[in-house]
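J.: Once you've had a glance at the structure underneath, I'll fire off some questions.
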Amino acid sequence: MGDATSWEAPDRTPSARRGGEQPELLKARLTLPGVVAFFRNNGLRVALLSLALFAAGVGILMALPLHYAATALVVVDPREQRVTNDQDVLPGIGQDAAALQSLIEIAKSDGFLRPLIEQLNIRNDPEIAGSETDPARILDRFRKHLDISRRGLTYVIAMTFVSNSPEKSARYANAIAEAFVASQANDRTIATDDAADWLGDRLKSLSDRLRASEDAVAQFKRDHVIVDAGKEGTTQQLRIVELNQQVSAARLKTEEAKTRYEQTQRDLKSNVEAPVKQDLLTALRAQRAALNDQIAQKRAVLGDRHPELVIALGQLAELNKQIEVERQRNIATAKSEYETLQDQQRTLEAQLKAAEAKALTDAQSQVKLQELQRSADANKNIYEQFLARYKTTNEQRLLQSSQTKIVSAASPPTRPTRPPLGLLLVAIAIASTLTSTAAVATLEARKTVSPEKTPEPLPARPAAAPRAVPQSLPVWARIPATVPRNGRMTIWQTPIGGPDESDLRPHMQQLLERVAALPGEHGKIVLVTARQPGTGAEAIARSLNLNAVNNGMMSALIQVQNDSGLGRSADVTVQSTAPTGARAARAALHSVGLLLGAGRDTMQEDEDIRAEFALIVVDAPSLAEQPEVASLAIYADLIVLVEREGGGDAAAVDGAIAALSKRTSAAIGLVINQAAVRPVPATAIAS
């Protein structure tokens with residue numbers, strides 16, 4: 010089997026070398042026995058080298074300067090302090106996270122840090138500036154010591170400065186935080202001042218524009234004799250309204266006077282007393298009525314000729330004359346009144362017509378006036394708004410409050426930024442151990458891997474005219490011609506089967522499937538032998554065993570040796586060569602027979618080796634070297650006879666088959682091996 014101290018088992022793919030190419034490494038698996046063996050052989054060197062590396066690491070750690078990080082916390086309050094209902098010129102960031110990130114980027118910018126470097130006199134700081142005089146490089150070095158970041162999803166900004174002095178780191182961190190807060194407050198103040206100054210300048214131009222528009226309105230009114238009468242309009246419009254009212258009243262009075270005059274005339278013609286009340290006429294009529302009563306009484310008492318009656322009749326005639334005169338006078342008065350009211354009506358109507366004519370003339374002027382008035386009103390509105398905003402902004406200069414403030418000033422740190430010393434020592438120890446192990450492994454690999462010459466091609470065998478394989482015997486596998494692989498690739502791996510041997514495992518899968526198809530619950534015994542030496546039967550047996558192990562089977566490989574070399578002891582040692590379950594052992598033919606036959610006659614499961622393994626591969630010498638190998642066929646479940654292509658005639662093969670099948674009915678099959686075969690030292694396959 011392979012080297013027992015190997016850490017790994019090689020992969021299935023062989024690597025061939027050509028010309029002067031270096032050998033390719035095989036893929037391998039790490040094994041616990043290999044690890045133990047490696048540290049058993051190289052533990053002292055690994056320990057000494059690890060100790061040296063650990064001491065060097067501790068020395069470097071102690072020589073490195075300590076760095077201290079001080080952090081000042083600044084909060085940007087998203088809430089706005091509304092002292093008045095008016096909004097500030099520069100409002101807060103609100104809930105906008107991008108605005109907060111913008112403030113952080115501004116704090117990292119050259120424009121913010123360059124004045125701060127001058128303020129802190131970083132140019133004379135040997136830790137940061139050193140011997141550098143270029144401001145740009147000093148700024149870059151200063152930025153490497155500074156970290157400004159947001160604390161999670163909060164509105165807190167952490168300003169951390171790293172220095173070899175705790176006091177310096179705290180002082181610089183606080184200075185940066187104070188400069189940041191002052192910068193934000195200054196920005197708000199400057200924004201308010203600039204807004205107030207701009208509004209003041211703008212008010213001057215707005216005032217001039219308003220004055221010009223109002224002067225244009227006044228000049229137009231003066232040119233067109235337009236006088237405002239408040240909200241009712243102009244005086245001309247009010248005059249027209251008043252004239253309309255007066256004309257209406259005059260017409261009404263005129264109609265009433267005309268009606269009275271006509272009624273008085275009708276009453277006079279019909280000698281009917283007018284219903285209109287007149288004081289004098291009423292008194293005369295009352296006297297006449299009283300006098301008529303007296304005349305009637307006197308006539309009845311005194312007679313028609315009585316002097317008193319004559320006097321009374323004279324008085325009656327006088328009263329009638331006065332009444333007639335009064336009636337005529339009333340008619341004249343009514344006529345005069347009617348004519349007067351009619352004249353007034355005509356006058357008012359004339360004035361109304363004149364006013365309406367003038368109003369029609371001023372209509373176009375009024376349109377132009379309204380246009381000028383709208384322009385003046387708009388300018389006035391804008392001016393008043395700017396004036397109010399200017400007053401508010403000017404007062405806000407005294408009410409500026411910064412939303413940015415320091416919530417936690419940096420204090421000198423008591424612990425450096427590096428991890429705890431104990432953790433660093435453990436890390437150095439682990440790194441030293443791993444580094445020393447890798448170094449020793451590399452040295453061992455260079456010692457064990459020696460460049461070899463390209464193997465000479467094997468001489469071509471003469472082509473055999475007849476086929477040496479009997480037609481009746483099945484061929485279970487054919488191994489194509491391959492070049493043997495190299496020996497040990499690294500100190501961790503030793504090829505299974507020794508150096509300079511081809512990897513035949515890929516060609517053993519079909520044979521392994523045939524073994525798995527055999528009936529029975531116990532493990533299967535496969536006898537691998539050859540008719541004559543030099544056929545590569547040993548490689549076939551080892552590859553079959555390793556292929557079974559790689560497929561998860563409990564498999565053991567037993568190599569049969571001559572009885573003369575090992576005596577007739579019945580002791581057979583089966584040792585593990587890999588954590589996967591592979592087994593390898595050497596024993597004499599007689600001992601192998603005893604081992605394979607144990608428990609069969611007594612039917613004791615604990616003595617039967619087949620109960621322990623799923624597959625037992627018996628690597629037997631050739632029949633030509635040791636004909637007694639045929640006696641092992643009685644224990645075999647499957648017999649594999651390895652032959653070279655064209656290695657013998659059919660009669661010789663039939664003789665070997667007859668010797669093997671004499672004592673068993675197990676299936677016998679051929680494996681035709683065309684791979685190159687090299688001699689294999691016994692130490693490479695012994696466990």
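Add 9 to the 1-based position in the sequence shown for the working numbering, that's all there is to it. Every residue, glycine too, gets a C-beta built ideally from N, C-alpha and C. Treat the numbers as computed from the prediction; the structure is a model and nothing was measured.
Taking DSSP as the reference, what is the three-state secondary structure of residue 451?
T.: Start at 1 with the first residue of the sequence shown, and residue 451 comes out as number 442. Here residue 451 sits in helix by DSSP.
J.: Tell me the start and end of each unbroken beta strand (DSSP E) in the stretch 109-161 that is at least 3 residues and wholly inside, in chain order.
T.: DSSP runs (the beta strand (DSSP E)) wholly in the stretch 109-161: 155-159.
J.: Going by DSSP, name the residue or residues bridged to residue 538.
T.: Taking the first residue of the sequence shown as 1, we reach residue 538 at position 529. DSSP lists 650 as partners of residue 538.
J.: Could you give the DSSP three-state label for residue 170: helix, strand or coil?
T.: Taking the sequence shown and counting its residues from 1, the one referred to as residue 170 is at position 161. Residue 170 falls in the strand class under three-state DSSP.
J.: Quick check on the DSSP output: the alpha helix (DSSP H) that includes residue 643 runs from which residue to which?
T.: Within the sequence shown, the letter at position 634 stands for residue 643. Per DSSP, residue 643 belongs to no alpha helix (DSSP H) and is neither H nor E.
J.: What is the DSSP secondary structure of residue 217, reduced to helix, strand or coil?
T.: By one-based count along the sequence shown, residue 217 stands at place 208. In this structure, residue 217 counts as helix in the three-state DSSP scheme.
J.: Please classify residue 69: does DSSP put it in a helix, a strand, or coil?
T.: As a first step, residue 69 must be located in the sequence shown, where it is residue number 60. Of the three classes helix, strand and coil, the one that applies to residue 69 here is helix, per DSSP.
J.: Do three or more CB pairs link the stretch 243-259 to the stretch 418-432 at distances below 8 Å?
T.: Because the criterion of three Cβ pairs below 8 Å is not met, the stretch 243-259 and the stretch 418-432 do not touch.
J.: Taking only three categories from DSSP, how would you classify residue 419?
T.: Start at 1 with the first residue of the sequence shown, and residue 419 comes out as number 410. Three-state result, residue 419: coil.
J.: Exposed or buried, residue 376, counting other C-beta atoms within 10 Å across all chains shown (16 or more means buried)?
T.: Along the sequence shown, read from residue 1 onward, the residue named residue 376 stands at position 367. Classification for residue 376: exposed.
J.: Taking only three categories from DSSP, how would you classify residue 164?
T.: As a working mapping, residue 164 is identified with position 155 in the sequence shown. Coil, per DSSP.
J.: Could you tell me which residues DSSP pairs with residue 84 in its beta bridges?
T.: Locating residue 84 in the sequence shown gives position 75, where the first residue counts as 1. Per DSSP, 165 and 414.
J.: Could you tell me how far apart the beta carbons of residue 385 and residue 222 are, in whole angstroms, since I believe they sit closer than 8 Å?
T.: Here residue 385 refers to the residue found at position 376 of the sequence shown. Here residue 222 refers to the residue found at position 213 of the sequence shown. That belief holds up - the Cβ atoms of residue 385 and residue 222 are roughly 4 Å apart, short of 8 Å.
J.: May I ask you to list the residues that DSSP assigns as paired with residue 567?
T.: For the purposes of this step, residue 567 is taken as the residue at position 558 of the sequence shown. Answer by DSSP bridge pairing, in chain order: 594 and 627.
J.: Restricting to Cα atoms, I'd like to know which of 517, 526 and 568 is closest to residue 538.
T.: Start at 1 with the first residue of the sequence shown, and residue 538 comes out as number 529. Among 517, 526 and 568, the Cα nearest to that of residue 538 belongs to 568.
J.: Quick test of the definition: if touching needs 3 or more C-beta pairs under 8 Å, does the stretch 346-360 touch the stretch 315-334?
T.: No, the stretch 346-360 does not touch the stretch 315-334.
J.: Should the stretch 153-167 be called in touch with the stretch 56-66, which here means at least 3 C-beta pairs below 8 Å?
T.: Because the criterion of three Cβ pairs below 8 Å is not met, the stretch 153-167 and the stretch 56-66 do not touch.
J.: State the beta-bridge partners of residue 486 as determined by DSSP.
T.: Indexing the sequence shown from 1 puts residue 486 at position 477. DSSP output for residue 486 lists 680 as bridge partner(s).
J.: Hey, would you say residue 368 sits closer than 7 Å to residue 235, going by beta carbons?
T.: On the sequence shown, position 359 is the one that residue 368 refers to. On the sequence shown, position 226 is the one that residue 235 refers to. No, they are not a contact pair.
J.: Between the Cα of residue 263 and the Cα atoms of 352, 443 and 401, which residue gives the shortest distance?
T.: Translated into the one-based positions of the sequence shown, residue 263 becomes position 254. Out of 352, 443 and 401, 352 has the C-alpha closest to the C-alpha of residue 263.
J.: Could you give the first and the last residue of the continuous alpha helix (DSSP H) run that contains residue 554?
T.: Residue 554 sits at position 545 when you count from the first residue of the sequence shown. Per DSSP, residue 554 belongs to the alpha helix (DSSP H) from 546-559.
J.: Could you tell me the distance, in whole angstroms, from the CA atom of residue 544 to the CA atom of residue 531?
T.: What you label residue 544 is simply residue 535 of the sequence shown in a count that begins at 1. What you label residue 531 is simply residue 522 of the sequence shown in a count that begins at 1. Roughly 30 Å between the two C-alpha positions.
J.: State the DSSP-derived secondary structure class of residue 227, mapped to helix, strand or coil.
T.: What you label residue 227 is simply residue 218 of the sequence shown in a count that begins at 1. Three-state result, residue 227: helix.
J.: Assuming residue 677 contacts residue 605 under a Cβ cut-off of 8 Å, what Cβ separation, rounded to an integer in Å, is found between them?
T.: Here residue 677 is taken as the residue at index 668 of the sequence shown, counted from 1. Here residue 605 is taken as the residue at index 596 of the sequence shown, counted from 1. That belief does not hold up - the Cβ atoms of residue 677 and residue 605 are roughly 17 Å apart, past 8 Å.
J.: Could you pull out every residue in the same chain whose Cβ sits closer than 8 Å to the Cβ of residue 66, ignoring the five residues on either side in sequence?
T.: To locate residue 66, count along the sequence shown from 1; it is residue 57. Cβ within range, chain order: 437, 440 and 441.
J.: State the CB to CB distance for the pair residue 116 and residue 157, rounded to an integer number of angstroms; the pair is presumed to be in contact (CB under 8 Å).
T.: Within the sequence shown, the letter at position 107 stands for residue 116. Within the sequence shown, the letter at position 148 stands for residue 157. Confirmed, Cβ separation roughly 5 Å.
J.: Please classify residue 118 as buried or exposed, where buried requires at least 16 other C-beta atoms within 10 Å of its C-beta.
T.: In the sequence shown, the residue the question calls residue 118 occupies position 109. Classification of residue 118: exposed, given that the 10 Å Cβ count is below 16.
J.: Would you please state the rounded distance, in angstroms, between the beta carbons of residue 183 and residue 418? I believe it to be under 8 Å.
T.: The residue given as residue 183 occupies position 174 in the sequence shown. The residue given as residue 418 occupies position 409 in the sequence shown. That pair is a contact at about 5 Å.
J.: Beta-carbon within less than 6 Å of residue 135's beta-carbon, same chain only, minus the 5 sequence neighbours each way: which residues are those?
T.: Residue numbering aside, residue 135 sits at position 126 when the sequence shown is read from its first letter. The answer is none, since no qualifying residue turns up.
J.: From 382, 188, 446 and 664, pick the residue whose C-alpha is nearest to that of residue 127; which is it?
T.: For the purposes of this step, residue 127 is taken as the residue at position 118 of the sequence shown. Among 382, 188, 446 and 664, the Cα nearest to that of residue 127 is on 188.
J.: Judging by CA-CA distance, which residue of 317, 271 and 381 is the nearest neighbour of residue 339?
T.: Numbered from 1 along the sequence shown, position 330 holds the residue referred to as residue 339. When each option's Cα is compared against that of residue 339, the closest is 271.
J.: Would you report the Cα separation of residue 196 and residue 412, rounded to the nearest angstrom?
T.: Taking the first residue of the sequence shown as position 1, residue 196 is located at position 187. Taking the first residue of the sequence shown as position 1, residue 412 is located at position 403. The alpha-carbon atoms of residue 196 and residue 412 are separated by roughly 11 Å.
J.: On the DSSP bridge list, what partners appear for residue 533?
T.: Counting from 1 along the sequence shown, the entry for residue 533 is found at position 524. Answer by DSSP bridge pairing, in chain order: 624.
J.: Quick one: grab the DSSP three-state call for residue 387.
T.: As a position in the sequence shown, residue 387 is number 378, starting the count at 1. Of the three classes helix, strand and coil, the one that applies to residue 387 here is helix, per DSSP.
J.: Quick one: using the 10 Å Cβ neighbour count with 16 as the cut-off for buried, is residue 305 buried or exposed?
T.: As a first step, residue 305 is located in the sequence shown; it is residue number 296 there, counting from the start. The residue is exposed, with fewer than 16 neighbouring Cβ atoms inside 10 Å.
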